[in-house]
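**Student:** Below is one structure. I have some questions about it.
Numbering (my numbering), first residue to last: 86 to 152.
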């Protein structure tokens with residue numbers, strides 16, 4: 086598996102961050118959250134699908150979001 090998916094997904098979050106920055110101070114924290122997300126995803130050592138697979142098989146990866 087390649088990390089191309091990670092980069093493509095990170096670019097989407099980067100664009101969302103830029104959009105929220107343009108909207109002004111009202112969405113400042115949302116812009117920062119998307120910025121943090123794109124940096125994290127782009128810096129992952131493995132393909133994103135590998136992390137998703139692990140979270141589907143281990144109960145430690147529970148959270149409020151559905152996979």
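We put the CB at the ideal spot given by N, CA and C, even for glycine.
Between the segment 86-95 and the segment 125-136, do at least 3 Cβ pairs fall closer than 8 Å?
**Tutor:** With the cut-off at 8 Å, the segment 86-95 and the segment 125-136 touch.
**Student:** With respect to the alpha helix (DSSP H) encompassing residue 117, which residues constitute its N-terminal and C-terminal limits?
**Tutor:** Counting from one through the chain shown, the residue named residue 117 turns up at place 32. Per DSSP, residue 117 belongs to the alpha helix (DSSP H) from 113-127.
**Student:** How about residue 95 and residue 127: are their beta carbons less than 8 Å apart?
**Tutor:** What you label residue 95 is simply residue 10 of the chain shown in a count that begins at 1. What you label residue 127 is simply residue 42 of the chain shown in a count that begins at 1. Yes, Cβ-Cβ distance for residue 95 and residue 127 is below 8 Å.
**Student:** Quick test of your reading: residue 100 and residue 116, contact by CB under 8 Å. State the CB separation rounded to the nearest angstrom.
**Tutor:** Taking the chain shown and counting its residues from 1, the one referred to as residue 100 is at position 15. Taking the chain shown and counting its residues from 1, the one referred to as residue 116 is at position 31. That belief does not hold up - the Cβ atoms of residue 100 and residue 116 are roughly 11 Å apart, past 8 Å.
**Student:** So the alpha helix (DSSP H) residue 131 belongs to, where does it begin and stop?
**Tutor:** For the purposes of this step, residue 131 is taken as residue 46 along the chain shown, with counting starting at 1. Looking at the DSSP string, residue 131 is not in any alpha helix (DSSP H), and its letter there is neither H nor E.
**Student:** What do you get for residue 114, buried or exposed, if any count of 16 or more other CB atoms within 10 angstroms of its CB means buried?
**Tutor:** Taking the chain shown and counting its residues from 1, one reaches residue 114 at position 29. It counts as exposed.
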